[in-house]
Each structure stands twice: as structure tokens, then as C-alpha cells.
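**Q**
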Amino acid sequence: MLNQRIRQLRQARSMSQVDLAKRLNVTKQSVSNWENDNIQPSIEMLVKLSAVFSVSTDYLLGLDSSEHLDVSGLPEEVVVHLRLLVEDLHTQSGGV
5 MLNQRIRQLR QARSMSQVDL AKRLNVTKQS VSNWENDNIQ PSIEMLVKLS AVFSVSTDYL
65 LGLDSSEHLD VSGLPEEVVV HLRLLVEDLH TQSGGV
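Numbered per the working numbering, the sequence shown spans residues 5 to 100.
(1) Give the range of the alpha helix (DSSP H) segment to which residue 31 is assigned.
(2) Using alpha carbons as the reference points, say which of 54, 84 and 85 lies closest to residue 66.
(3) Considering Cα atoms alone, identify which of 30, 87, 88 and 93 is closest to residue 49.
(4) In the structure shown, what three-state DSSP assignment does residue 36 receive?
(5) If you drop the 5 nearest sequence neighbours on each side, which residues of the same chain put their C-beta closer than 8 Å to that of residue 60?
(6) Considering only their Cβ atoms, is the gap separating residue 24 from residue 14 smaller than 8 Å?
(7) Mark residue 39 as exposed unless 16 or more other C-beta atoms lie within 10 angstroms of its C-beta, in which case mark it buried.
(8) Would you mind working out which of 56, 77 and 62 sits nearest residue 16, comparing C-alpha positions?
(9) For residue 34, which residues from the same chain have a beta carbon less than 7 Å from its beta carbon, with the 5 sequence-adjacent residues on both sides left out?
This is the structure:
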């Protein structure tokens with residue numbers, strides 16, 4: 005699950021493995037190994053991954069199926085616009 009989430013989140017942000025590796029100060033091979041489920045990232049790296057992708061560690065580990073956006077620090081009017089945008093996207097896609 006973790007390997008799939010890392011790949012999915014990286015690709016959704018149009019990041020290459022090299023891009024992600026640079027952001028985390030690791031090698032491209034480390035990212036490749038995580039995504040191919042050859043090795044697991046350390047707990048410290050798991051926390052860094054969650055920060056880079058703005059998701060919880062529970063989401064990365066597959067313990068929570070909801071992807072949450074971190075809107076802390078954004079002005080309230082921006083948060084309201086984001087909520088409306090998400091609601092519109094759910095409506096258009098037939099979601100809840």
C-alpha cells in the first residue's frame with residue numbers, strides 16, 4: 005500500500021523520482037526502491053513524505069482512505085473557495 009501511495013502522490017503532482025529524491029535529500033534509487041516495495045522508508049522519512057505530499061502518515065500507510073489537504077495558514081476566504089471548488093468537483097464527478 006505504501007509503495008502505491010508514494011507513486012500515486014508523486015505522479016499526481018507531476019514529480020519525477022529525481023524531483024522527489026531532491027526534495028527529501030535522498031537518492032533516486034531510494035525513491036525507486038520504496039515505489040517497487042523493495043525497502044520501506046524510515047519513520048523519519050515517512051514523516052517527511054507526509055509533509056511533502058501534505059497528507060497524513062495514516063494515509064500513506066493505508067490506514068486512512070481520505071486524502072486531506074492542509075489549509076493551515078491560508079486566509080479564510082481562500083479556504084472557503086477551496087471548499088466550494090471541491091464540492092463542485094464532487095458534484096461534477098458524481099461523488100458525494
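Even glycine gets a Cβ: it sits at the ideal position worked out from N, Cα and C. Just so it is clear, the structure is predicted and the values come from calculations on it, not from any experiment.
**A** Looking at the atomic coordinates:
(1) To locate residue 31, count along the sequence shown from 1; it is residue 27. Going by DSSP, residue 31 is part of no alpha helix (DSSP H) at all; its letter is neither H nor E.
(2) By one-based count along the sequence shown, residue 66 stands at place 62. The option with the nearest alpha carbon to residue 66 is 54.
(3) Residue mapping note: residue 49 aligns to position 45 of the sequence shown, counting from 1. The shortest C-alpha separation from residue 49 is found at 30.
(4) By 1-based counting over the sequence shown, the position of residue 36 is 32. DSSP places residue 36 in helix when its eight states are reduced to three.
(5) Walking along the sequence shown from the start, residue 60 turns up at place 56. Leaving aside the five residues that flank residue 60 on each side, the residues in its chain whose CB is nearer than 8 Å to its CB run, in chain order, 54, 68 and 72.
(6) Counted from its first residue, the sequence shown places residue 14 at position 10. Counted from its first residue, the sequence shown places residue 24 at position 20. Yes. Within cutoff.
(7) Numbered from its first residue, the sequence shown carries residue 39 at position 35. The residue in question, residue 39, is buried, as its Cβ has 16 or more Cβ neighbours within 10 Å.
(8) Within the sequence shown, the letter at position 12 stands for residue 16. That would be 56, whose Cα lies nearest to the Cα of residue 16.
(9) Taking the first residue of the sequence shown as position 1, residue 34 is located at position 30. Around residue 34: 25.
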